[in-house]
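*Asks:*
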Amino acid sequence: MLRQVLDCMMGNCLKASGADDVSLLREGAQPNPTSDPHPSGTRAHDSLPQADSEIEHQSSGGGGGGGVGGGGAHIYYPSPNVSRPANQLTEEEQVKIAQRLGLIQHLPVGEYDGSKKNRECVICMIEFVIGDRIRYLPCLHIYHTDCIDDWLMRSFTCPSCMEPVDAALLVTYETH
Amino acid sequence: MADESSMGSTSQAALLLKKQLAELNKNPVEGFSAGLIDDNDIFKWEVLIIGPADTLYEGGFFKCHLIFPKEYPLRPPKLKVITDIWHPNIDSKGDVCISILHEPGDDRWGYEKASERWLPVHTVETILVSVISMLADPNDESPANVDAAKEWRDNYPEFKKKVAKCVRKSQEDLL
Numbered sequence: 001m002l003r004q005v006l007d008c009m010m011g012n013c014l015k016a017s018g019a020d021d022v023s024l025l026r027e028g029a030q031p032n033p034t035s036d037p038h039p040s041g042t043r044a045h046d047s048l049p050q051a052d053s054e055i056e057h058q059s060s061g062g063g064g065g066g067g068v069g070g071g072g073a074h075i076y077y078p079s080p081n082v083s084r085p086a087n088q089l090t091e092e093e094q095v096k097i098a099q100r101l102g103l104i105q106h107l108p109v110g111e112y113d114g115s116k117k118n119r120e121c122v123i124c125m126i127e128f129v130i131g132d133r134i135r136y137l138p139c140l141h142i143y144h145t146d147c148i149d150d151w152l153m154r155s156f157t158c159p160s161c162m163e164p165v166d167a168a169l170l171v172t173y174e175t176h
Numbered sequence: 001m002a003d004e005s006s007m008g009s010t011s012q013a014a015l016l017l018k019k020q021l022a023e024l025n026k027n028p029v030e031g032f033s034a035g036l037i038d039d040n041d042i043f044k045w046e047v048l049i050i051g052p053a054d055t056l057y058e059g060g061f062f063k064c065h066l067i068f069p070k071e072y073p074l075r076p077p078k079l080k081v082i083t084d085i086w087h088p089n090i091d092s093k094g095d096v097c098i099s100i101l102h103e104p105g106d107d108r109w110g111y112e113k114a115s116e117r118w119l120p121v122h123t124v125e126t127i128l129v130s131v132i133s134m135l136a137d138p139n140d141e142s143p144a145n146v147d148a149a150k151e152w153r154d155n156y157p158e159f160k161k162k163v164a165k166c167v168r169k170s171q172e173d174l175l
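So the sequence lines, in the order shown, correspond to chains A and B. Using the UniProt record's numbering, read the first sequence as starting at 1 and increasing by one per residue. Using the UniProt record's numbering, read the second sequence as starting at 1 and increasing by one per residue.
Here you go:
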C-alpha cells in the first residue's frame, strides 16, 4: 500500500502550492488519467454536491493512504476542530494551507534503504521496507511520506519529538 | 461536518487498532484491561480502568468507552467514563478532558500548544497511561467539572468522600 505512492499524485497537490497561487487550492489535484475509479469516489460525491470528476480522481489516488491534502475529497484542517473543503476556506486559511503545502514540499524525501536507526514508521506502526518513500523532518525523524504528509497538514509538529517543524526549518535556513 | 476518509486510510486505522488489540491481549498492561464493545467493530473499545494504588480512586473499577474516528491515528478518539466518577477533569457526562485527546493543530489563540494536543503516535496504551496519571494527579487549570475542581481545592474532605462513594459504587456495579 505504502509503496503505491505515485509521484504524479503527490506532485499535483504540491505543485499547486509551488505555483504560489492559492486559487489552485480550489481546484485540487489535476485529473490523473492513470488512476482507476475507486468506490470512495462515490462517498466524496455524497458530501460534496458540487464534486466533479476531478474529486473522484483524487480520491482514487488517495486510496493508498492519501497524499498531501488527505484521502477522499480535499478536506483541509486549518485549525483544531475545523475541517472544510477547499471552497469553504477563508482567505486567511487558504494562505495558511498554501504556505503549509509549500513548506512540506521543502522537506527532503528519500527511499528507505535500511540504514536508518528507525525501523518502523511510528504513525502507521508498520516496519519500513527497503524502497519505501520516506520524508525527513528537520529533527531527522523519518516517516512514510504518505503518513507524515497527511499529519503535517493537520499539525506542523513532529509526532516523535513534538518539535514544531516551522521553527526547526527556520533554524536550518539560518545555519546554512 | 463529517470528515471524509478514503477506504485506504480507514483500513489503515482498522489495521492499526487490530494490531494494538492483539498486542494488549498478548501482553496486558497493568492498570487497565481493554476489549471491544462489539467484536465486529474495531473502532469501539470498552476499557476497565483499575483505580491506581495510593490514590483516592484505589480499589475502583471504572468502565470507559474509547471511540476511535475513521481517521485514527490522525485524529484522537473520544474517551467517556461510563461508571459514575467525581474528578476535576471528567465532566458530568463522563467525557474525559485531557489535552492529548484534543484535536491536533495550532489554534490561533494559542490556548494549547500543538505539542500538547493529539499526536498520531498515541495508542490505547499511552492514552490510558495518561488517564491513569490524571486520576492520580488532577489538573485544575482547565477543569471539565468545575464543582469537582473547586471542591478538590477548597473542601478536600468532601471531595474525598464523594470519590470514596464512587469507588464503592463501582465495586458494587461490578458484582
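Glycine included, C-beta positions come from ideal geometry on N, C-alpha and C. In this text the structure is predicted, and so the values were computed from the model without any measurement.
If I follow the unbroken alpha helix (DSSP H) through ALA164 of chain B, where does it start and stop?
*Replies:* Residues 156-174.
*Asks:* What are the residues of the segment 102-126 of chain A that lie near chain B, defined by any Cβ-Cβ distance shorter than 7 Å?
*Replies:* So the close ones are VAL122, ILE123, CYS124 and MET125.
*Asks:* Can you grab the Cα-Cα spacing for the pair ARG133 of chain A / LEU21 of chain B, in whole Å?
*Replies:* Answer to the nearest angstrom: the Cα atoms are 28 Å apart.
*Asks:* Quick check on the DSSP output: the alpha helix (DSSP H) that includes ILE132 of chain B runs from which residue to which?
*Replies:* ILE132 of chain B -> alpha helix (DSSP H) spans 124-136.
*Asks:* Who does ASP95 of chain B pair with in a DSSP beta bridge?
*Replies:* In DSSP, ASP95 of chain B forms a bridge with B:LYS80.
*Asks:* Which residues does DSSP pair with ALA34 of chain B in a beta bridge?
*Replies:* The partner list for ALA34 of chain B (beta bridge, DSSP) reads B:VAL47.
*Asks:* List the endpoints of the continuous beta strand (DSSP E) containing ILE67 of chain B.
*Replies:* That run of the beta strand (DSSP E) goes 61-67.
*Asks:* Could you please give me the residues that DSSP links to TYR143 of chain A through a beta bridge?
*Replies:* BP columns for TYR143 of chain A point to A:ARG135.
*Asks:* Which residues in the same chain have their Cβ closer than 8 Å to the Cβ of residue 178 of chain A, if we skip the five residues on either side of it in sequence?
*Replies:* Absent from the model: residue 178 of chain A. The displayed extent of chain A is 1 to 176, so no value can be given.
*Asks:* My understanding is that LEU89 of chain A touches TYR76 of chain A, with C-beta atoms under 8 Å, so please give their C-beta distance in whole angstroms.
*Replies:* With 8 Å as the limit, LEU89 of chain A and TYR76 of chain A qualify as a contact, their Cβ atoms being about 6 Å apart.
*Asks:* Pick out whichever of B:ILE82, B:ILE37, B:GLY105 and B:GLU71 has its Cα sitting closest to the Cα of SER155 of chain A.
*Replies:* Residue B:GLY105 is the option with its Cα nearest to SER155 of chain A.
*Asks:* Report the neighbours of TYR77 of chain A on chain B: residues whose CB is nearer than 7 Å to its CB, in chain order.
*Replies:* The contacting residues are GLY105.
*Asks:* Just to confirm, is the Cβ distance from residue 238 of chain B to PRO69 of chain B under 8 Å?
*Replies:* The question about residue 238 of chain B has no answer, for chain B in this structure spans 1 to 175.
*Asks:* From the DSSP output, in three-state form, read off GLU92 of chain A for me.
*Replies:* Note: GLU92 of chain A maps to helix in three-state DSSP.
*Asks:* Does any residue of chain B bring its CB to less than 8 Å from the CB of PRO138 of chain A?
*Replies:* With 8 Å as the cut-off, PRO138 of chain A does not count as an interface residue toward chain B.
*Asks:* May I ask you to list the residues that DSSP assigns as paired with ARG117 of chain B?
*Replies:* Beta-bridge pairing links ARG117 of chain B to no other residue.
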